[in-house]
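Okay, structure first, notes after.
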Amino acid sequence: MVKRSDGSEVQIFAESADSIDSEKPKPQVKYGELVILGYNGSLPQGDRGRKRSKFVLYKKPEPTGVRRSIHYTVNTPQSSQAILDTSQHSISYTLSRNHAVIVEYTSDDQTDMFQVSSCWESR
Numbered sequence: 001m002v003k004r005s006d007g008s009e010v011q012i013f014a015e016s017a018d019s020i021d022s023e024k025p026k027p028q029v030k031y032g033e034l035v036i037l038g039y040n041g042s043l044p045q046g047d048r049g050r051k052r053s054k055f056v057l058y059k060k061p062e063p064t065g066v067r068r069s070i071h072y073t074v075n076t077p078q079s080s081q082a083i084l085d086t087s088q089h090s091i092s093y094t095l096s097r098n099h100a101v102i103v104e105y106t107s108d109d110q111t112d113m114f115q116v117s118s119c120w121e122s123r
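Per UniProt numbering: the sequence shown ends with 123, consecutive numbering throughout.
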């Protein structure tokens, strides 16, 4: 029993350390913060606060990273299997009309990937 400041007594039930640890939410891993300088974008409807110029990057529940797997040079980039296969993530760097370098990417379950971009809207 524990005596409160108002004089009443309350019984506290002790829990094992295992059950306490399993119920606590695990803290998110913070990669860092991204600060945007010169940000002049618009806010979504309803949000009337300051424009967000600082974004915190946290570890994602499911990794979304990619890593380079294969790269090769081709003479006919338009007919390359990597370009024609829509399920394969690849980037083609065209050097001339008949010469390109193709880089294929695969999923990486050890890294997270974030997209930073700007949006241009007509006003």
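Every residue gets a Cβ at the ideal spot worked out from N, C-alpha and C, and that includes glycine.
Which term fits Ile102, buried or exposed, when burial requires 16 or more other beta carbons within 10 angstroms of its beta carbon?
Its Cβ being crowded by 16 or more others within 10 Å, Ile102 is buried.
Nearest to Lys30 by CA position, among Tyr105, Asp112 and Val116, is which residue?
For the set Tyr105, Asp112 and Val116, the Cα lying nearest the Cα of Lys30 is the one of Asp112.
Tell me which same chain residues have a C-beta within less than 7 Å of the C-beta of Lys59, skipping the five on either side of it?
Gln28, Val29, Tyr31 and Asp112, listed in sequence order.
What does a CB cutoff of less than 6 Å around Val56 pick up in its chain, not counting 5 residues either side in sequence?
These residues qualify, in order along the chain: Glu33.
Going by other Cβ atoms of all chains shown within 10 Å of its Cβ, with 16 needed for buried, is Ser16 buried or exposed?
Only weak support is given to the placement of Ser16: the predicted model assigns it a pLDDT of 47, under 50, and the value that follows is read from those uncertain coordinates. Counting Cβ neighbours within 10 Å, Ser16 comes out exposed, since fewer than 16 surround it.
Which of helix, strand or coil does DSSP assign to Leu84?
Leu84 falls in the helix class under three-state DSSP.
Span of the beta strand (DSSP E) around Asp108
Start and end: His99 to Asp108.
In chain order, what residues of the same chain have a beta carbon less than 7 Å from the beta carbon of Tyr72, not counting five sequence neighbours either side?
In chain order, Ile102 place their CB closer than 7 Å to the CB of Tyr72, counting only its own chain and leaving out the 5 sequence neighbours on each side.
Test item: CB-CB of residue 125 and Tyr105 under 8 Å
Summary: the structure shown does not reach residue 125, with the chain confined to residues 1 through 123, and so no result is reported for it.
Between the beta-carbon of Pro61 and the beta-carbon of Asp109, is there less than 8 Å?
No.
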